[in-house]
Structure formats: C-alpha cells, structure tokens
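Colleague: Protein chains in written order, with this note's numbering: chain A, 134 to 408; chain B, 306 to 551.
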Amino acid sequence: MIRPRLVAAVASREVRTLLRNRALLAVAAAFAAVVLGLGGASMGSPGGYVSLTYDLLLPVELLVPVLAFAIAYQSIRGDDERGTLSILRTYSVSRLEYVLGVFVGRAVPAFVLVVAVLGAAGVVAGLGAPPTSSFLATHSAGDTPLIYGRFVLFAGWYVLATVAFVLAASALARTDREALAAGVGVVVIVAFLADLALVALLTTGFVGDLIGVLVGLAPASAFRGLVLELAIRPAIAADPGVATGHPLVSALGLAGWTVAALATAAVAVWRPVER
Amino acid sequence: MSEPVLEFAAASFGFGDVTILDDANVALEDGTFVALVGPNGAGKTTALELFAGLRSLDTGTVTRPATTGRTVAYLPQSPRFRPGFTVREVVTFYGSLVETEVDADAILSRVGLGGATDRRVDELSGGMTRLLGLAQALIGDPPVVVLDEPTSGLDPDIADHIFEAAASMAADGRLVLTTSHDLEAVSRYVDRVLLIANGEFVLDGPPAALVEQAGAERLRDVFSSTVAGSGRDAVDIDAQTEGDSA
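1. Determine which residues share a DSSP beta bridge with B:V450 and list them.
2. Between B:K349 and B:G343, is the Cβ-Cβ spacing less than 8 Å?
3. Would you identify the three-state DSSP class for B:R497, choosing helix, strand or coil?
4. Expressed to the nearest angstrom, what Euclidean distance is found between the alpha-carbon atoms of B:A533 and B:L353?
5. Say whether the region 299 to 307 of chain A touches the region 388 to 403 of chain A, bearing in mind that this needs 3 or more beta-carbon pairs closer than 8 Å, one atom from each stretch.
6. From the DSSP secondary-structure annotation, give me the bridge partner or partners of B:T368.
7. What number of angstroms, rounded off, separates the C-alpha of A:L286 from the C-alpha of A:T186?
8. Please report the Cβ distance between B:P448 and B:I467, rounded to the nearest whole angstrom; I am assuming they are in contact, meaning their Cβ atoms lie under 8 Å.
9. Identify every residue that forms a DSSP beta bridge with A:G277.
10. Is there contact between the region 363 to 374 of chain B and the region 423 to 435 of chain B, where contact requires at least three CB pairs shorter than 8 Å?
11. For B:T366, does the count of other Cβ atoms within 10 angstroms reach 16, so buried, or fall short, so exposed?
12. Scan the region 207 to 240 of chain A for residues whose Cβ lies nearer than 7 Å to a Cβ of chain B and list them as they occur along the chain.
13. Residues of chain B with CB closer than 7 Å to the CB of A:T150, please, in chain order.
14. Looking at chain A, which residues of the region 358 to 369 of chain B have a Cβ within less than 8 Å of any of its Cβ atoms?
15. Write down every uninterrupted run of the alpha helix (DSSP H) in the region 396 to 475 of chain B whose length is 4 residues or greater and which is fully enclosed by it, in chain order.
16. Rounded to a whole number of angstroms, what is the C-alpha to C-alpha distance between B:F313 and B:L341?
17. Could you tell me whether any Cβ in chain B is nearer than 8 Å to the Cβ of A:V402?
18. For B:E505, which three-state DSSP category applies?
19. Are A:L196 and A:F164 touching if we call contact CB-CB under 8 Å?
20. Whole-angstrom Cβ separation of A:R215 and B:R385, contact assumed at under 8 Å?
21. Mind checking A:P242: buried by the 16 CB within 10 Å criterion, or exposed?
22. Residues of the region 490 to 521 of chain B with a CB closer than 7 Å to any CB of chain C: list them in chain order, please.
23. Whether or not the region 411 to 424 of chain B and the region 241 to 261 of chain A are in contact is what I'm after, with contact meaning three or more pairs of Cβ atoms, one per stretch, closer than 8 Å; do they touch?
24. Return the residues of the region 152 to 171 of chain A that lie within a Cβ-Cβ distance of less than 8 Å from chain B, sorted by chain order.
25. Give the DSSP-derived three-state secondary structure of A:V406 in the structure shown.
26. Measuring only between beta-carbons, confirm whether B:A378 sits less than 8 Å from chain A.
27. Compile a chain-ordered list of the residues in the region 399 to 421 of chain B whose CB is closer than 8 Å to at least one CB of chain A.
28. Tell me whether B:E389 sits in a helix, a strand or coil according to DSSP, three-state version.
29. Are the Cβ atoms of A:E147 and A:A353 separated by less than 8 Å?
30. Between B:F356, B:T422, B:R387, which has its C-alpha nearest A:T223's C-alpha?
31. So which residues on chain A does B:P448 lean against when the C-beta distance must stay under 7 Å?
32. Between the C-alpha atoms of B:G389 and A:A312, what's the straight-line distance to the nearest angstrom?
33. Please give the ranges of any alpha helix (DSSP H) in the region 191 to 222 of chain A, keeping only runs that are unbroken, at least 4 residues long and fully inside the region.
34. Assuming B:F506 and B:A329 are in contact, meaning their beta carbons sit under 8 Å apart, how far apart are those beta carbons, in whole angstroms?
35. On the criterion of 16 or more Cβ atoms from any shown chain inside 10 Å, does A:A142 qualify as buried, or is it exposed?
36. Just verifying my parser: in three-state terms, what is the DSSP assignment at B:S317?
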C-alpha cells in the first residue's frame, strides 16, 4: 500500500531542493530562453500554431531529455552518496514511496516548467498575428490554441517519461561517475539512439506498414507521433495520407516507459531486508 | 537483566571470500551503551548495517524490537545532509516520516544544536553535522540507536559531547550501539564493549572488567593484545616512507 503522506513528504523535499539549486534554475532559464526565442521568431507568422509546433517539435524533443537529466540524475544517487539513503531506510518509507516521492517532486516542477514555457511561447507567437490570417487558406479551422495546447501537454507528458528514465539511471548507479554516465546515456538513447534503431529497422525492409506502431515504442518518437497525429494532422487542410504514428500505441508506449522506469528505480534503489 | 532488544543468533555474513560474521552470537539489552570495536576491515560497519536492517544475513537470525513505528535509528559515518536546507528543516523533514508529532526545536536542543536551528547544513562544522545526525536518530523515539563512528575526525571536546549525548540516549532506556576507534572515550562512556575480529565477537564485557581480566592498564592494551596486530597483516609496516629514504 502506498501512503500518500510519505510520498508527499519526500516530494516536498525534492521540490525545495530544485528551487534552491541555482545551477538548475539557470538550466530552466536557458530552456525558457531557447523556447521563448523560437516563439518570438514565429511572432505574427502566417503559419499560425501549426508552424510554431513544427518549429518547436525538434528542439523540445532534444531539450526535454537534457532538462530531465539536469533535474533528476543526482536525485537518488545523491541521497546514497551522502549517506542519507541509509538514514531514510530506518524510517518506515518503502522503496516505492520513496521513488514516487522523488519522481513527483522532480517531475511535476519539470512538467510545470515545460508547460508554462511552451504556453508562453504560444502567447508570444500569437502576438502580432494578423486578424485574418492567410493560414486559414491553407490550414483547416483546426489550427487553434486548443490544438497547440495538445502539443504543450504532450511535451509535459514527455518530460514526465524522461524524468522517470533518468531516475531509474540514478537508482541503478553505484557511484557519482556512473550516475553521470548513465544520465547522459539515457539522454542519448531517448533523444537519438532509439530513433536510429527505428531507421535501421526501416532499412531492413521488414517493418513495412508497422512503422506507425513501432514509433510508439521509443519515447521520443512516441512523443513525436502523438504531436504529428493529434496536434498537427487535425490542423492542416490536406491530409498527408501517411500515418506518422499510431496515437494509441504512442500513448501506451510513453505511459509504459514511465511506469517501467519507475518500477526499475523502485527495485534498484535498495535491496529489501527481512524485518 | 532485561530482555535483549537486538540479537544475532548463529549469524553469518561475508563478501565472497571475506568473512564478516561466522556463526556469531550476541544479545544486547535496552538501556545500555555498547561500543563495537575492532581492527580496520574487521566488519564493524557491516555488522552495524546488519543490526540496523540495512543488509540481510547470509544465514542465522537477527532479532530487532517488535514495536511499531521506527525501531532502529542509524547514523552512517560522516553523513552529509542535503545542502540548502536549514537544521530545523532537516529534522522537520525526517519528522514528517513518522506517525508521531515531532518538536524539532526540542530535539535539536537535546543534542546541543538549539542555537543553530536556522543555520544551513552546508555551513555546519563536522561535529555539528554529527550532532544533527544524532538529533535525527531521536526522531520517532526508536528503542535502538546505531551509530557508525560518530566521532571520527572530530576534536576531543566535540567527541566527548557526542559520547555524552549518546550515553544520555542510553540512560533514557534505549540501546545505543556505536563503533569507535577512540578507545579512551569508549572506556569512559560505554557500559559494554564488543570486540569483533575474524568473524567473531572475541571480547564482550564492561570496559573496566575487560581491562582487569587482561591485567592491562588501558583498554587500548587489551585491544592490541587481543587482535595481535591482525589489522597490520594487510600492510607492509616496514616499508620505507619518503622521509625515511632521505
């Protein structure tokens, strides 16, 4: 049984840790500057929110894992290295409660940051747009802030999944150096290698029509598939006719990776001892 | 004599070929201050972790208090609390993990940190950090407190203060089990000494009694004669240092 009181206690400590870490605040500010800069570049663009989503998709896909790495790689490993994990274990907090507390305390602020910054970028991009935008001629009436909101929420979901990944790496690492290497490895795998594996599969010719399903199995491509299928496709007038992802598989993939990563962290954080 | 609150029965544990406990037996009662001493590498820290429930025995049984709530508090050697937090915030956080209400200021005053409650932990001296660790050990009123070398690297005054605080915890009815290499302080403060070597508790008794039985003058002499330099086996004592070669 998970006791919410203990999860909340651990989460509260994590949130305060984030808010008091100047280096992390600088990383958050840099993320905001890049995203808002791209939003500013799209200010008044006739491409509307679809254009903005396209502009932000790749940077978000790459920057979110980096942000997750900065926020979470030292979390569990840091408690272990300082000796405070041994202290925590003498309280009645379980492995799952501890990991969930760390996750909530690290991932929720990251979610809020990503959603707020992307939301602000949408506002910035919308400033100065002509009242009768020419994009209405090329896009269907689906190009609304609501559709852009889907992209923002998918990005928030993506950061939850990547933070879970980095937490698992932090729990599996036994030294600071391992934690650093594992954290960087997670970023590289999530942002690059999983996609490269998909491309490699495509070149074999065995994948065929399954590509829409397969992209849902890697975190970054699952996020991309959700954005392309549910945030961009409804907003454009001419359906490209080619599936870029299977939304259900992508959603299950992103959720599955999150749960699997948290379960891994909970198993790895410490060995249970019979009382 | 009261019932044991912490006990090893036929306890064995090892790391590969290295034996830490070999069919060891010991029972520790509440209200006593016990020091676990031994040569470097004898497995004192591992034995503490086994007592505290941070590791499982390979074979045998360990008995801990059957009370609800926090049963064993543990303070690792040289703990470092999360930077950026004040002393009071640290105690309040750990206090939020137990069922009972915790008066952070009262606990901190108990160990002598009443004047440092608003100080950030990264600004504390080594001794004050250990005292904060002791304060943390009182949270939830556990019947057993396990301390791993709480005075290593500290000046004699603060080391005495920590031993006095630990003795005071034992006087409240707890079992306090500590490791230490400070045998002079151990002689002065603890009720019982356990000496671990080669996987066994080879000496067990009040410090004064151990000294008397051995016909020695100090506990340090008893220690040296018992372990017979076993801690030196792994090092080349005769190796020339840089200064010697000049």
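All residues carry an ideal CB built from backbone N, CA and C; glycine is no exception.
Modeller: Reading it off the structure:
1. In the second sequence, residue 450 of chain B corresponds to position 145, counting from 1. Residue pairing by DSSP places B:V450 opposite B:A378, B:V481 in a beta bridge.
2. Locating residue 349 of chain B in the second sequence gives position 44, counting from the first residue. Locating residue 343 of chain B in the second sequence gives position 38, counting from the first residue. Closer than 8 Å, so yes.
3. Counting from one through the second sequence, the residue named residue 497 of chain B turns up at place 192. DSSP places B:R497 in strand when its eight states are reduced to three.
4. Position 228 of the second sequence holds residue 533 of chain B. Position 48 of the second sequence holds residue 353 of chain B. Between B:A533 and B:L353, the alpha-carbon positions lie close to 23 Å from each other.
5. Yes, since at least three Cβ pairs between the region 299 to 307 of chain A and the region 388 to 403 of chain A fall closer than 8 Å, the two stretches touch.
6. The residue given as residue 368 of chain B occupies position 63 in the second sequence. Answer is B:E312.
7. As a working note, residue 286 of chain A is residue 153 in the first sequence. As a working note, residue 186 of chain A is residue 53 in the first sequence. Using only the alpha carbons, I get a separation of about 12 Å.
8. The count along the second sequence starts at 1 and reaches residue 448 of chain B at position 143. The count along the second sequence starts at 1 and reaches residue 467 of chain B at position 162. B:I467 and B:P448 do not touch by the CB rule: their CB atoms are close to 20 Å apart, not below 8 Å.
9. Within the first sequence, numbered from 1, the residue matching residue 277 of chain A stands at position 144. The question names Gly, but residue 277 of chain A in the sequence shown is Thr. Per DSSP, none; premise fails for A:T277.
10. Not touching, per the Cβ criterion.
11. Position 61 of the second sequence, counted from the start, is the residue given in the question as residue 366 of chain B. Classification of B:T366: exposed, given that the 10 Å Cβ count is below 16.
12. Listed in sequence order: R215, G216, T217, S219, I220, R222, T223, Y224, S225, V226.
13. Residue 150 of chain A sits at position 17 when you count from the first residue of the first sequence. Neighbours of A:T150 on chain B, chain order: R387, G389.
14. Within the region 358 to 369 of chain B, the qualifying residues are G358, L359, R360, S361, R369.
15. The region 396 to 475 of chain B contains these whole alpha helix (DSSP H) runs: 409 to 415, 431 to 443.
16. In the second sequence, residue 313 of chain B corresponds to position 8, counting from 1. In the second sequence, residue 341 of chain B corresponds to position 36, counting from 1. Rounded to the nearest angstrom, the two C-alpha atoms are 14 Å apart.
17. Locating residue 402 of chain A in the first sequence gives position 269, where the first residue counts as 1. Not a single C-beta of chain B is nearer than 8 Å to the C-beta of A:V402.
18. Translated into positions along the second sequence, residue 505 of chain B becomes position 200. Strand at B:E505.
19. Here residue 196 of chain A corresponds to residue number 63 of the first sequence, with the count starting at 1. Here residue 164 of chain A corresponds to residue number 31 of the first sequence, with the count starting at 1. Contact check for A:L196 against A:F164 passes: the beta carbons are separated by less than 8 Å.
20. Translated into the one-based positions of the first sequence, residue 215 of chain A becomes position 82. Translated into the one-based positions of the second sequence, residue 385 of chain B becomes position 80. With 8 Å as the limit, A:R215 and B:R385 qualify as a contact, their Cβ atoms being about 4 Å apart.
21. The residue given as residue 242 of chain A occupies position 109 in the first sequence. By the neighbour-count rule (16 or more Cβ atoms within 10 Å), A:P242 is buried.
22. Among the chains of the structure shown, chain C does not appear; the protein chains present are A and B.
23. Contact between the region 241 to 261 of chain A and the region 411 to 424 of chain B is absent, because fewer than three Cβ pairs lie under 8 Å.
24. Cβ contacts with chain B: R153, N154.
25. Counting from one through the first sequence, the residue named residue 406 of chain A turns up at place 273. Assignment of A:V406 by DSSP, reduced to helix, strand and coil, places it in the coil class.
26. Reading the second sequence from its first residue, position 73 is the one you call residue 378 of chain B. So yes, B:A378 belongs to the interface.
27. Within the region 399 to 421 of chain B, those residues whose Cβ lies closer than 8 Å to any Cβ of chain A are, in chain order, Y399, S401, L402, V403.
28. Counting from 1 along the second sequence, the entry for residue 389 of chain B is found at position 84. First, the amino acid is wrong: residue 389 of chain B is Gly here, not Glu. DSSP, read as helix, strand or coil, puts B:G389 in coil.
29. Residue 147 of chain A sits at position 14 when you count from the first residue of the first sequence. Residue 353 of chain A sits at position 220 when you count from the first residue of the first sequence. A:E147 places its beta carbon 8 Å or farther from that of A:A353.
30. Taking the first sequence and counting its residues from 1, one reaches residue 223 of chain A at position 90. Nearest C-alpha to A:T223: B:F356.
31. Taking the first residue of the second sequence as position 1, residue 448 of chain B is located at position 143. Residues of chain A passing the Cβ test: none, with the nearest at roughly 12 Å.
32. The residue given as residue 389 of chain B occupies position 84 in the second sequence. The residue given as residue 312 of chain A occupies position 179 in the first sequence. Roughly 21 Å separates the two Cα atoms.
33. For the region 191 to 222 of chain A, whole alpha helix (DSSP H) runs of length 4 or above, ordered along the chain, are 208 to 215, 217 to 222.
34. Residue numbering aside, residue 506 of chain B sits at position 201 when the second sequence is read from its first letter. Residue numbering aside, residue 329 of chain B sits at position 24 when the second sequence is read from its first letter. Indeed, because the Cβ distance is near 6 Å, the residues count as touching under 8 Å.
35. For this step, residue 142 of chain A is matched to residue 9 along the first sequence. Classification for A:A142: buried.
36. Counted from its first residue, the second sequence places residue 317 of chain B at position 12. The three-state reading of DSSP puts B:S317 in strand, counting E and B together.
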